[in-house]
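Quick note: the sequence shown, position 69, residue 1565 per my numbering, numbers continuous. In this text, a Cβ means the ideal position worked out from N, Cα and C, and glycines have one as well. Note that the coordinates shown come from a computational prediction; the quantities given were computed from them, not determined experimentally.
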Amino acid sequence: MSGADYSTRGAVAVIRLDNPPVNGLAHAVRAALLSGLDKASADADISAVVLLGAGKSFSAGADINELGTPRSLLEPILPTVIREIERSEKPVVAALHGVAMGGGLELALGCHYRVAAPGTQISLPEVKLGLLPGAGGTQRLPRAVGLETALDLIVSGSSMPAEKMAKSGLLDEVIEGDLLAGAVAFAFRVAAQRPLPLLRERRVSHPDPEAFLMFARNSVAAVAKGYPAPLKCVEAVAASVKPFEEGAPIERQLFIELVSSPESKALRHLFLAERAASKIPDVPEDTPTRPIRSAAVIGAGTMGGGIAMCFANAGIPVRVLEVKQEALDKGLATIRKNYEASAKKGKLTAAQVEERTGLIKPTLVFADVAEADIVIEAVFEDLAVKEGVFQQLDEVMKKGAILASNTSTLDLDKIASFTRRPADVIGTHFFSPANVMKLLEIVRGRATGKEVLATVLGLAKKLGKTGVVSGVCDGFIGNRMLARYMEQALLLIEEGALPPQVDAALEKFGMAMGPFRMADLAGGDVSWSIRKRRYAERPDSRRQVIADRLCETGRFGQKTSAGWYRYEPGRRDAIPDPVVDELIVSASREMGIARRKISGEEMVERCILALINEGAKILEEGIALRASDIDVVYLTGYGFPRFRGGPMHYADSLGLYNVVRSMRRLSRNAHGDPSAWEPASLLSKLAGEGKSFNGSAP
Ligand code: NAD
């Protein structure tokens, strides 16, 4: 990376930002840009400067790896670069293309002129990292596009094609064809014009800024739950109605406050965590992959249907196999119904519905799936059934096909052993509904080939999923941790709480859904059959008396209109049910438990610390490669609040020393299993060394 290169086209200097892949404004780029500018100023033969990006984009803004590090504060910082551009005696023309995002757009806003290729996406997405544009963006954008459009872009962080703002002060020209040639020609035309226009010298025009800003504050406050950045964005934009010299320091101050906020730290952690998840140390990025041009799914039930939709949505033809015509018809009808519901909501056109359903072909014969590049098994969660399926797949599938299982709890190594090609077997654990949920746990078996793993990691991206690799264990990363969380939720109701109270406490903490509402959504029968299997495997394990009793009465959640709550037919609102309260209270009585009042704080502490402790065990066993992978699983699959950064980041933010102390205190609770509060050895070790999960490799 050179940072930026300098060349000339006659009397125009061309500075090209160069930091692949998106010209992030790292220190080297900022420094090279400034020296290019100095060179142009000093050269009497140069009368104007064009600034553009190497590769596909102008610039996506700050180099995220520098955020929060000393290099990000090393001069020249972006405000310095922009100040120097504004002071330049020769006009500087920003030539935008691809994306002009965040600091990249702020840089362009500091230039005297801006031209753009059609389709250039402009945005100030800092709010998504819990920040606000801190290099004048909140002050200059309103001056360019007006208060309302600027506020909308800054508070939402969403992007807009530049030509939509062609008539505003943002763009001087949209250039069709060769951008560099067009920008150089533009620079020649304006080279002699004086005075040089600067956005900072413009006034924000609005008929009634006070009334508009009041309205904006109220509406943003109503939706910004748990996040300070959106309101601070409004405050910064509000300052743009003042003279620039007064507004800019207000923006700077608000930016500094946000950089150190726990919410922004959490969001920045997740941003990097999501990128890190696809990097597997012993599977380098140049590992060969196999092409996936066709797929097959075995089983057209809840998961099979959703998985087939994922392939069709990505334009990959998929065969769906069932044992009986009836099940096949039902599965295909559900798929069509789901697509038609999306069309009704305006998310798909009628043609798209036909195109996608057309990609999904039903069959009852294994020979029809033989040529698929990948086959995903989604039959009943029963090892004997899976054995039969994998033996047949081993017989029929072409050489080199990937054999995947969607099992949520079974031993993938055992499943692989049902075939003569264990290296081609992998777990692809989708979450329900599979066509909606982002998370894909990719289960790497003992024998799974690197090529197979690399292929499935790539496939996850193609399907629009966030793939996280897990080793083999009961429940993998997400459900294994969830079991401990649910265990505490169930103990809480044995001891004195009721499901709506536990749910309310965890929802207040930020979980998208409390444990009992979530259990009703997932279906109580699924976890009941898993529990029964575990009771059989480990006869001395503690029985979940209340949950079992609820299932014995046929209450499986939303699907039976009754579970931990009751539901009106066809509706999803959870209605507290006195029948459940009675069942819980009488079970406690039978167990000889004196029910007590439990605080919301205790409910949250017990459920979340249980999650963290199991996460630590998963990490020390090497089931998860890194703590941040666990955070990604919880964020994308379990509704953990983003502003808390995932369970492991949350533990880090509490301080592991404090986590361990809290667990020791909880172990004194006589009820339940005190050994549940024995800190994982990795947790004790890191706490003792004053380290954190995410800050240090285990
Ligand atoms: P389901 O009962 O809705 O569907 C299973 C389907 O498989 C049925 O339609 C059945 O007819 C079919 N089937 C059974 N044996 C078959 C065979 N030999 N050949 C072809 N088809 C056969 O179950 P589901 O909820 O879709 O679960 C499927 C798998 O996905 C299980 O392993 C489960 O643990 C896993 N899973 C489920 C969820 C969930 O939330 N439901 C989430 C993640 C993973």
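Contact check, residue i vs residue j, beta carbons under 9 angstroms
i, j, result
"Trp2173", "Leu2162", "yes"
"Leu2115", "Ile1776", "no"
"Leu1978", "Leu1899", "no"
"Lys1586", "Ala1536", "yes"
"Leu2017", "Arg2067", "no"
"Ile2071", "Arg2062", "yes"
"Ala1640", "Met1661", "yes"
"Met2159", "Asn2190", "no"
"Ile1872", "Ser1901", "yes"
"Met1982", "Gly2135", "no"
"Val1589", "Val1545", "yes"
"Ile1788", "Gly1954", "yes"
"Gly1802", "Ser1928", "yes"
"Val1964", "Thr1783", "no"
"Gly1615", "Glu1659", "yes"
"Thr1634", "Leu1620", "yes"
"Pro2011", "Ala1985", "yes"
"Asp2199", "Lys2055", "A question about residue 2199 goes unanswered here, because the residues of the chain that appear run from 1497 up to 2194."
"Ala1524", "Ser1555", "no"
"Val1719", "Cys1729", "no"
Integer-rounded CB distance, given that residue j should sit under 8 angstroms from residue i
i, j, result
"Val1611", "Ser1553", "Not confirmed; about 15 angstroms, so no contact."
"Phe2139", "Ala1762", "5 angstroms"
"Gly1800", "Val1816", "6 angstroms"
"His1608", "Leu1692", "5 angstroms"
"Asp1909", "Val1819", "Not confirmed; about 26 angstroms, so no contact."
"Ile1911", "Leu1949", "Not a contact, Cβ separation roughly 16 angstroms."
"Asp2169", "Pro2143", "The pair is not a contact, with the Cβ atoms about 20 angstroms apart (cut-off 8 angstroms)."
Rounded separation between residue i and residue j - CA only
i, j, result
"Pro2194", "Ala2176", "Reliability fails at Pro2194, whose pLDDT of 33 lies under 50, so the model's placement of it is uncertain and the value that follows must be treated cautiously. Distance between the alpha carbons of Pro2194 and Ala2176 is about 12 angstroms."
"Ser2192", "Asp1514", "Residue confidence for Ser2192 is low, a pLDDT of 47 falling below 50, so the modelled location carries little weight and cannot support an answer."
"Leu2105", "Arg2157", "11 angstroms"
"Gly1600", "Leu1521", "7 angstroms"
"Ser1652", "Pro1629", "12 angstroms"
"Gln1689", "Phe1682", "12 angstroms"
"His1593", "Leu1574", "20 angstroms"
"Thr2047", "Pro2035", "Note on residue identity: the sequence assigns Cys, not Thr, to residue 2047. About 20 angstroms."
"Phe1740", "Ala1846", "50 angstroms"
"Glu1937", "Val1952", "10 angstroms"
"Ser1584", "Asp1869", "58 angstroms"
"Leu1906", "Gly1884", "15 angstroms"
"Lys1833", "Ala1732", "46 angstroms"
"Gly2019", "Met2099", "23 angstroms"
"Thr1798", "Ala1528", "55 angstroms"
"Val1865", "Ser1790", "9 angstroms"
"Asn1809", "Leu1959", "8 angstroms"
"Val1510", "Gln1617", "22 angstroms"
"Glu1781", "Leu1695", "44 angstroms"
"Lys1843", "Tyr1835", "9 angstroms"
Beta-ladder partner(s) of residue i, from DSSP
i, result
"Gly1633", "Gly1633 pairs with nothing; no bridge assigned."
"Phe1926", "Leu1936"
"Asp1825", "For Asp1825, which the question treats as bridged, DSSP gives no partner whatsoever."
"Leu1592", "Ala1612"
"Ile1794", "Leu1817, Glu1873"
"Met1597", "Ser1619"
"Glu1669", "Val1611"
DSSP state of residue i mapped onto helix, strand, coil
i, result
"Pro2035", "coil"
"Gln1617", "strand"
"Val1518", "coil"
"Ala2193", "Confidence at Ala2193 is low in this model, with a pLDDT of 38, below 50, so the placement of that residue should be treated as unreliable; the coordinate-derived value is given next. Residue state, collapsed to three classes: coil."
"Ser1568", "helix"
"Glu1877", "coil"
"Arg1698", "coil"
"Thr1504", "strand"
"Gly2168", "coil"
"Ile1870", "strand"
"Lys1656", "Lys is not the amino acid found at residue 1656; the sequence shown has Met there. Three-state DSSP puts Met1656 in a strand."
"Lys1957", "helix"
"Pro1918", "helix"
"Lys1857", "strand"
"Val1965", "strand"
"Arg2062", "strand"
"Ser1498", "coil"
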